[in-house]
DNA sequence: CAAGCAGCTTGCATTTTGCAAGTAGAATTA
DNA sequence: TAATTCTACTTGCAAAATGCAAGCTGCTTG
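Residue numbers (the working numbering), protein chains in the order written: chain A, 9 to 161; chain B, 9 to 161.
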């Protein structure tokens with residue numbers, strides 16, 4: 009079957025740690041994000057304004073198309089992202105973060121801070137790392153408000 | 009060769025994103041922690057007072073011994089943990105977090121907060137989630153001080 | 001000095017990943 | 001309106017990572 013559900017039938021079905029190796033919160037996040045690719049999709053949605061399948065494929069880490077399809081489906085199943093038809097082009101889908109996805113922002117920001125400290129070649133701009141130190145909450149709400157703009161492109 | 013270095017010869021060799029798929033901070037953390045097991049070892053060191061090889065093997069997620077050996081070695085190479093001989097038993101090694109490892113605490117706490125919000129079966133105690141909301145910094149410094157105690161067992 | 005423990009290593013079957021190529025439907029172009 | 005292109009996948013297969021069991025080695029303990 010080629011058709012896949014555009015809206016999440018299982019939105020009411022919570023994914024929780026009964027389906028996991030343990031009820032540990034660290035393990036819980038690993039069961040969804042514990043691989044080399046999933047968090048890059050979140051990054052693209054959260055920080056890079058990417059919305060379409062082809063946008064994710066074009067990222068510099070070069071995710072392969074079968075892995076991307078698999079990860080997008082899993083993220084939708086678990087309520088982290090939404091998939092809707094692009095009103096401007098009915099052959100395209102728009103992927104976006106749900107509230108559950110947006111709530112990963114503090115995790116993403118702490119990761120960015122840690123990498124900023126320990127990767128001498130990090131591409132995070134100085135002003136961003138500075139803002140992380142001096143006004144994390146302000147930075148976070150700015151990023152969230154940009155996410156809610158009709159289009160960030 | 010059976011013998012492996014007990015102290016990190018490459019401590020001066022920084023692992024940075026030149027060896028990675030990109031210079032992105034999110035990708036940087038994935039290159040070390042982007043798998044199903046590594047972060048559980050960090051959790052055991054950070055929150056559970058585990059120190060010995062056998063302690064990690066005994067965790068409820070049941071890591072297998074070859075994977076554990078591989079992950080411990082990688083973490084040591086990358087300067088996230090230290091490996092020393094246990095003075096109480098010269099056939100044992102003690103693993104511990106370096107400063108670089110301890111600096112993952114904010115990431116771990118945000119993960120715990122997120123899972124606390126979205127996993128209805130999380131095993132994180134209510135008081136811990138409460139403390140995360142109300143006094144994150146206080147909670148963090150308490151955890152760090154416990155890490156520095158001579159033995160938390 | 002024999003037995004046991006702690007920390008691995010090795011071998012092999014299973015699963016996941018990575019790359020290339022193919023497919024289906026909507027939109028665009030000729 | 002027929003052919004081509006665009007977008008989002010699916011499929012097949014080789015390569016790599018994982019999982020399990022067994023084995024090995026250097027202490028320590030009886």
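Just so it is clear, CB atoms sit at the ideal spot from N, CA and C, and this is done for glycine as well.
Inset, instruction - Check whether the Cβ atoms of residue 90 of chain B and residue 106 of chain B lie closer than 8 Å to each other. - result: Residue mapping note: residue 90 of chain B aligns to position 82 of the second chain, counting from 1. Residue mapping note: residue 106 of chain B aligns to position 98 of the second chain, counting from 1. Yes. Within cutoff.
Legend entry - Environment of residue 114 of chain A [buried if 16+ CB atoms lie within 10 Å]: Position 106 of the first chain, counting from 1, holds the residue named residue 114 of chain A. Classified as buried, residue 114 of chain A has 16 or more neighbouring CB atoms from the shown chains inside 10 Å of its CB.
Inset, instruction - Inspect the CB distances between the stretch 59–73 of chain B and the stretch 140–155 of chain A and report whether three or more fall short of 8 Å. - result: Result no; under three Cβ-Cβ pairs closer than 8 Å.
Legend entry - Segment limits, beta strand (DSSP E) that includes residue 105 of chain A: Counted from its first residue, the first chain places residue 105 of chain A at position 97. 101–105 is the extent of the beta strand (DSSP E) around residue 105 of chain A.
Legend entry - Whole beta strand (DSSP E) elements within the stretch 116–144 of chain B, 3-residue minimum: Taking only runs of at least 3 residues, no beta strand (DSSP E) segment lies wholly in the stretch 116–144 of chain B.
Inset, instruction - For chain A, find out if any of its Cβ atoms is closer than 8 Å to the Cβ of residue 25 of chain B; answer yes or no. - result: Looking up residue 25 of chain B in the second chain gives position 17. Yes, residue 25 of chain B lies at the interface with chain A (some Cβ there is under 8 Å from its Cβ).
Inset, instruction - Ignore the nearest five residues each way along the sequence and tell me which others in residue 75 of chain B's own chain have a CB closer than 7 Å to its CB. - result: As a first step, residue 75 of chain B must be located in the second chain, where it is residue number 67. These residues qualify, in order along the chain: 45.
Legend entry - Identified DSSP bridge partners for residue 90 of chain A: Along the first chain, one-based indexing puts residue 90 of chain A at 82. Under DSSP, residue 90 of chain A takes part in a beta bridge, and its partners are A:104.
Legend entry - Straight-line gap, residue 127 of chain A to residue 81 of chain A (C-alpha atoms, nearest Å): Looking up residue 127 of chain A in the first chain gives position 119. Looking up residue 81 of chain A in the first chain gives position 73. Each residue's Cα considered, the two are about 32 Å apart.
Legend entry - Straight-line Cα distance separating residue 65 of chain A from residue 98 of chain A: As a first step, residue 98 of chain A is located in the first chain; it is residue number 90 there, counting from the start. As a first step, residue 65 of chain A is located in the first chain; it is residue number 57 there, counting from the start. C-alpha separation (whole angstroms): 20 Å.
Inset, instruction - Note down the Cα distance separating residue 70 of chain B from residue 43 of chain A, rounded to an integer number of angstroms. - result: Within the second chain, the letter at position 62 stands for residue 70 of chain B. Within the first chain, the letter at position 35 stands for residue 43 of chain A. The straight-line gap from Cα to Cα measures roughly 18 Å.
Legend entry - Candidates B:130, B:36, B:53, B:100: closest to residue 51 of chain A by CA position: If you number the first chain from 1, residue 51 of chain A lands on position 43. Closest by alpha carbon: B:36.
Legend entry - residue 53 of chain A burial status per 10 Å Cβ neighbour count (16 or more: buried): Against the first chain, residue 53 of chain A aligns to sequence position 45. Per the 10 Å Cβ criterion, buried.
Legend entry - Euclidean distance between Cα positions of residue 92 of chain B and residue 102 of chain B: Within the second chain, residue 92 of chain B is the residue found at index 84, counting from 1. Within the second chain, residue 102 of chain B is the residue found at index 94, counting from 1. Rounded to the nearest angstrom, the two C-alpha atoms are 5 Å apart.
Inset, instruction - Take the Cβ of residue 5 of chain B as the centre, count every other Cβ of all protein chains shown within 10 Å, and call the residue buried at 16 or more, exposed below. - result: Outside the modelled stretch of chain B, which goes from 9 to 161, sits residue 5 of chain B, for which no answer is possible.
Inset, instruction - Taking 8 Å as the cut-off, decide whether the C-beta atoms of residue 30 of chain B and residue 130 of chain A are in contact. - result: Numbered from its first residue, the second chain carries residue 30 of chain B at position 22. Numbered from its first residue, the first chain carries residue 130 of chain A at position 122. Cβ distance not < 8 Å, so residue 30 of chain B and residue 130 of chain A don't count as in contact.
Legend entry - chain A contact for residue 129 of chain B (CB, 8 Å cutoff): The count along the second chain starts at 1 and reaches residue 129 of chain B at position 121. Yes, its Cβ sits closer than 8 Å to a Cβ of chain A.
Inset, instruction - Sort A:121, A:104, A:109, A:110 by Cα distance to residue 112 of chain B and report the nearest one. - result: Residue numbering aside, residue 112 of chain B sits at position 104 when the second chain is read from its first letter. Residue A:121 is the option with its Cα nearest to residue 112 of chain B.
Inset, instruction - Please list, in chain order, all residues of the same chain as residue 110 of chain B whose beta carbon is under 7 Å from its beta carbon, the five residues on each side excluded. - result: Residue mapping note: residue 110 of chain B aligns to position 102 of the second chain, counting from 1. Spatial neighbours of residue 110 of chain B in its own chain (CB-CB distance under 7 Å, excluding positions within 5 residues in sequence) are listed in chain order as 152, 155.
Legend entry - residue 57 of chain A Cβ short of 7 Å to the ligand ZN heavy atom set: No copy of the ligand ZN appears in this structure; indeed no ligand is present at all.
Legend entry - Reference residue 40 of chain A, options A:86, A:142, A:132, closest by Cα: Walking along the first chain from the start, residue 40 of chain A turns up at place 32. Nearest in C-alpha terms to residue 40 of chain A, of all of A:86, A:142, A:132, is A:86.
Inset, instruction - Answer with yes or no whether the minimum CB distance from residue 30 of chain B to chain A is below 8 Å. - result: Working through the second chain from its first residue, we reach residue 30 of chain B at position 22. It does; some Cβ of chain A falls within 8 Å.
Inset, instruction - Give a yes or no on whether the minimum CB-CB distance between residue 42 of chain A and chain B is below 8 Å. - result: Along the first chain, one-based indexing puts residue 42 of chain A at 34. Yes, residue 42 of chain A lies at the interface with chain B (some Cβ there is under 8 Å from its Cβ).
Inset, instruction - Could you confirm whether any beta carbon from chain B is found closer than 8 Å to the beta carbon of residue 49 of chain A? - result: On the first chain, residue 49 of chain A is found 41 positions in, with the first residue counted as 1. Residue 49 of chain A does not count as touching chain B.
Legend entry - Pick from A:96, A:95, A:88 that is closest to residue 47 of chain A, judged by C-alpha positions: The sequence position of residue 47 of chain A within the first chain is 39, counting from 1. It is A:88 whose Cα lies nearest to the Cα of residue 47 of chain A.
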